[in-house]
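Residue numbers (this note's numbering), protein chains in the order written: chain A, 239 to 559; chain B, 3 to 282; chain C, 3 to 435. Worksheet: one structure, shown below.
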Amino acid sequence: MSATTTPQAAGVAQDPAGRKRAARRGTDRSRQEARLGWYLAGPAFVILVLVTGYPILQALYDSLWSYRLTAPDDREFVGLRNYGVILTDPLWWSSLGNTVLITVVTVAVELVIGFALAMVMHKVLGWLRPIVRTAILIPYAIITVVSAYAWQYAFDLTTGFMNSVVWWVGDDYDWFANKWTALLVICLSEIWKTTPFISLLLLAGLAQVPEDMHEAAKVDGATAWERLWRVTLPNMKASIMVALLFRALDAFRIFDNVYIMTGGAAGTEVVSSLAYNQTISRLEIGLGSAVSVMLFLCVLLICFIAIKGFRVDLARARGEG
Amino acid sequence: MGALSTRERVLWYVGALLIVLYALVPVAWIVSLSFKSETDLANRSFLPTAFSGDNYREIFAGNGSDLFLPALRNSIITCLLATLIAVVLAMFAAYAIARLDFPGKRVVLTSALAVAVFPVITMVTPLFNLWRRIGLYDTIPGLIIPYLALTLPISIWTMSAFFRQIPWDMEQAAQVDGATSWQAFRKVIVPLAAPGVFTTAIIAFFIAWNDFVFGISLTSTSRAQPVPAALSSFTGSSYFVQPTGAISAAAVVVTIPVVLLALVFQRRIVAGLTNGAVKG
Amino acid sequence: MASRWLTRTGVVSAGVLLASTLAACGDGSSGTGTTTLNWYINPDNGGQQAIAQSCSEQSGGAYRIEALILPSDAAQQREQLMRRLAGNDSSIDLMSLDPVFVPETAEAGFLAPMPAELQAELSEGVVQGAVQGATWNDELVAAPFWANTQLLWYRQSVAEAAGLDMSQPVTWDQVVDAAEQQGTAIGVQGQRGESMTVWVNAMVESAGGQIIENPEARGPDIRLGLDSDAGRAAAAVMQRITEAGVAGPGIDNRDEAGTANLFQQDGAAFMVNWPFVYAQAQGAAEGGSMDPAIFEDYGWAQFPRMTPDEPSAPPLGGIDIGVSAFSENPDLAYEAVRCIVSEDNQASYMISDGNPAAAESVYDRPEVQEAYPMYDVIRTSLQEAAPRPQTAYYNEVSQGIQDRWQPVSAVTEQTPALSAEFIGQVLSGERLL
């Protein structure tokens, strides 16, 4: 849950004026501009490429070896065997299943709650507006680990009060002993912490819905519910898709909440914690690197599906399309 | 939208109240935990029976202070430096993206996008191995460099969105009026750009402050360990006792700066996070 | 243009690298002529810090020990140390090691060889289990500092009501029957953590078995002894606890502290746990968070037996002090070790931090006997305790057990065989963990 991201400027490159000007390439001025452009953007670009490009290449290389950090002499080239081990291991599939489940559930719930929050923020004016805005920023700004501890302690059998709130489960019900209730608490913490972000993205989308279309629909006698489905949502499609993609990618990399709350017990292992266990706990660099590479491939796959399949257009999300 | 009926208005107010409750209840819970005495911690109710400052004494002056104070120092230094470096680098890049026309602009933006969705766990092991070899393991610079991977992409985006809104023509206008280009930059552009830079810095700081994976993987002692990683190292009154109180108190302490920032700069932060999309 | 750009960024990144390397080297040099020894310690109540300070003072300026705190979880301590040691990091001089990780550390060549006369000195008068735990390939490779063992704790009134004669050794069956009859629980540690391995190992060893038959073997060649009568006997105890309904609430996430808490709050009348629970309960009774009458009712005995006529092999824990092979001052570091593990320090540490001493004579001291009325049971328990499997692959073995023997309610008579198969596959690199 490290990089919470916003997509707003992702479409900047699609600048029609840029194409036109590029046609004039070759003139002194444009060459000078290109050089200055790279001088300015170069350092940031190089750092971005180095801190991610190097690790993924190294991980790809390491994933072809059987290599345990505490037994460096036994290092041995095994080709794709590590991938075979992973793909035939039920633990990989259950971790992947948990990760997909968490992603789908949290993103779906967050879209609904996030939309409601955005509507309120959009409508509420006056002195309440800054209060609501500050309130919504608090979960966004809070450290994920802190959120994880807060939710864990709330449901914990020694410290928690949730068993008396949800009285019908009984006083001794252990939320973290059962896979599904443990995943539920993990999802709650994740949803609480990240819904504000999604609601801010949706708020931006709401502002793009033309007010006159609303008025026109009203005149035509559409109910508020019909207006929501016929006017508001279709006009927000682009920002909803972007919010969905970014949150899905973020949720898929879930680690902090699981690590703090269950440490993978009760069958709650996710892909990131599986990778962490192999490399950092077991020091099996080869096997762990292979899991990392698989995680990377999953993220790529989600991006690919979103961009090709759902035609998420990052440029249009900015209202430039 | 002046046409809100009273009923609608009440509904939105109730909605606003629900949002505030939603945001504050978990925070109030951890604050309440942090003020519970050791006897109260297992009372399983929301509030303490009596307020106690023991947990704060523990982390600031007691046994926990050996762990917490250095971690707080590390977190502050690391996050401020990572934010500063990211914002400066991103400022140059965003300026180039917003104002200049150069081949590869798209490459820079796409790679920022790719880095933002890159799984952090994948970075950890190779970086850890490299850091061990070149002596960056368990050092503050060893954390700042990977933090740039978290903070740079969002800084580039947010700032280039801000910079595109700046009316750069004013710079030329000022020059026509007789100002030197430095004066024009300083008097006209800097005041226009500063809010965007500042907002970006806050958002980048939030993200660096939130890190946990790099913290637990690339450090091992109070030399460089940041607070989120240090939370798991607290101990209770004995080797085996869960330090719920100390963790809660430390969690509250690290939450204070981000809540203050959110409180003071809420308008800017919301604008920063929604900026590009809103202007349409 | 391209080449110039490359040079430029090259210079920038080299600059960043240089600056960071310099910063990394910045700390650690004292400049006073006194050598600084870095001691990586497990978190405690500050006892090790105090010992570091007093030994520094006693050294007359020869060395100054700086204590650096590791995470509280034993597995995380290992992760941190191994990562550093694998990088030949010379900044570690001394480390507090959980005995279960001594073999891995020694086998990887991360421990500086201990001079023979020091080996003799540091194992003399030390309880048997602790020496065994610090030994690898017949050499003492780390210095036993404190030794831990679990006792059976019980409420005297409840044992009496159940007609259990606690002056004689008791078996798990007897304890389960008594708890069932009295409608109370047995505090066992059922969470997925190291405490699960502790429990399984103690039961397997008490039943005359061994989790690993050839601990010195390399990963894929390790033979597991879980699929045996002893392993099945251990599984049977767990099944029995589930069937009798005496596991108590929240067993699947209960650790040692949770167990102690349950016992304090009258939720269980029996428990297996380390001696820290006594001092903790004493504090709680005085502080008002537990009924003093319950504290008065505390009783203690040897860890339960598996069969009536075989003595039990109680769990063994503790901390050994190792000297890193990459230390620049191994001789000085061993000087410091001698000071750290001195009997005076062990005695004061036992009282200040609640962790039992490894040296037998400490138990004869009046101040120790006063703080720990059960000193004699602790001493005997330590003599009979069995260490957990001493293998360089301990982490895999332990995690594999935790994975398959938890939750307790899911343990069946197939569990020993299934867990042995699973651990075998993990050790040959065929399974994820």
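Even for Gly, the Cβ is constructed at its ideal location relative to N, Cα and C.
Practice problem: Determine the closest residue to E372(C) out of Q392(C), T393(C), A349(C) and A187(C), with distance taken between C-alpha atoms. | Solution: A349(C)
Self-check item: Anticipated Cβ contact below 8 Å, L307(A) with L521(A), distance rounded
Solution: 4 Å
Self-check item: S400(C): first and last residue of the uninterrupted beta strand (DSSP E) it sits in
Solution: Per DSSP, S400(C) belongs to no beta strand (DSSP E); it is in the alpha helix (DSSP H), Y396 to R406.
Exercise. For E245(C), decide whether its Cβ has a neighbour in chain D, counting only Cβ atoms nearer than 8 Å.
Key: Considering every chain present, this structure includes no chain D. Its protein chains are A, B and C.
Quiz item: If we cut at 8 Å on Cβ distances, does A118(C) have a partner in chain B?
Solution: no
Quiz item: For T244(A), which residues of its own chain have a beta-carbon under 6 Å away from its beta-carbon, when the five flanking residues on both sides are left out?
Solution: Bear in mind that a pLDDT of 41 at T244(A), under 50, signals an unreliable position, so the model cannot answer this.
Quiz item: What number of angstroms, rounded off, separates the C-alpha of I21(B) from the C-alpha of V350(A)?
Solution: 14 Å
Quiz item: In terms of residue numbering, what span does the alpha helix (DSSP H) encompassing Y156(C) cover?
Solution: That residue, Y156(C), is in no alpha helix (DSSP H); its beta strand (DSSP E) goes L153 to R157.
Quiz item: Would you call the CB atoms of L434(C) and W330(A) closer than 8 Å?
Solution: yes
Quiz item: Where A64(C) and L422(A) are concerned, what is the direct C-alpha to C-alpha distance, given to the nearest angstrom?
Solution: 57 Å
Quiz prompt | Y504(A), DSSP secondary structure in three states | solution = Here the sequence assigns Ala to residue 504(A), which means Tyr is not the residue at that position. In the structure shown, A504(A) sits in a helix (DSSP, three-state: H, G or I).
Quiz prompt | Local conformation of Y139(B) per DSSP, three classes | solution = coil
Exercise. Counting only the same chain and skipping the five closest in sequence on each side, list residues whose C-beta sits under 6 Å from that of E60(B).
Key: G66 and A248
Quiz item: What separation, rounded to the nearest whole angstrom, lies between the Cα atoms of A114(B) and A270(C)?
Solution: 57 Å
Quiz item: In chain order, what residues of the same chain lie with their CB nearer than 6 Å to the CB of V428(C), ignoring the 5 residues before and after it?
Solution: E398, G402 and L435
Quiz prompt | Short CB-CB distance (under 8 Å) between F399(A) and chain B | solution = yes
Self-check item: Under 8 Å from the C-beta of R80(C): neighbouring residues of chain B
Solution: Going along chain B, no residue has its Cβ under 8 Å from R80(C), so there is no contact; the nearest lies around 11 Å.
Quiz item: At a Cβ cut of 9 Å, what residues of the segment 126 to 140 of chain B count as close to chain C, listed as they run along the chain?
Solution: F130, N131, W133, R134, R135, I136, G137, L138, Y139 and D140
Quiz item: When the Cα of Q392(C) is compared with those of R307(C), V202(C), G290(C) and G135(C), which residue comes out closest?
Solution: G135(C)
Self-check item: Pairwise C-alpha distance: V200(C) and R194(C)
Solution: 11 Å
Exercise. Using a threshold of 8 Å, state whether the C-beta atoms of T432(A) and R485(A) are closer than that.
Key: yes
Quiz prompt | Bridge-paired residues (DSSP) for F315(A) | solution = W303(A)
Exercise. Whole angstroms is fine: what's the gap from G301(C)'s alpha carbon to A232(B)'s?
Key: 37 Å
Quiz item: Does the segment 282 to 290 of chain C come close enough to the segment 66 to 85 of chain C to have 3 or more Cβ pairs within less than 8 Å?
Solution: no
Quiz item: Looking at chain A, which residues of the segment 229 to 258 of chain C have a Cβ within less than 9 Å of any of its Cβ atoms?
Solution: G250, P251, G252, I253, D254, N255 and R256
Exercise. Would you list the one or two residues that DSSP bridges to S326(C)?
Key: L113(C)
Exercise. Using a cut-off of 8 Å between C-beta atoms, extract the partners of W389(A) located in chain B.
Key: P28
Quiz prompt | Buried versus exposed call for V160(C) [16 or more other C-beta atoms within 10 Å across all chains shown] | solution = buried
Exercise. Starting from Y58(B), trace the beta strand (DSSP E) both ways and give me its first and last residue.
Key: That residue, Y58(B), is in no beta strand (DSSP E); its alpha helix (DSSP H) goes D56 to F62.
Exercise. Return helix, strand or coil for Y374(C), following the three-state DSSP convention.
Key: coil
Quiz item: Listing by chain order, which chain B residues have their CB less than 8 Å from the CB of L70(C)?
Solution: T223, S224 and R225
Quiz item: Is the number of C-beta pairs between the segment 369 to 386 of chain A and the segment 261 to 270 of chain B that are closer than 8 Å three or more?
Solution: yes
Practice problem: Would you kindly report the start and end of the unbroken beta strand (DSSP E) that includes L533(A)? | Solution: Segment I523 to F542 is the alpha helix (DSSP H) holding L533(A); no beta strand (DSSP E) there.
Quiz prompt | Neighbouring residues, chain C, relative to E10(B) (Cβ below 7 Å) | solution = In chain order: nothing, as chain C lies at least about 47 Å away.
Quiz item: Does the beta carbon of E423(C) sit closer than 8 Å to a beta carbon anywhere in chain A?
Solution: no
Exercise. Assign G180(B) to one of two classes, buried (16 or more other C-beta atoms within 10 Å of its C-beta) or exposed (fewer than that).
Key: exposed
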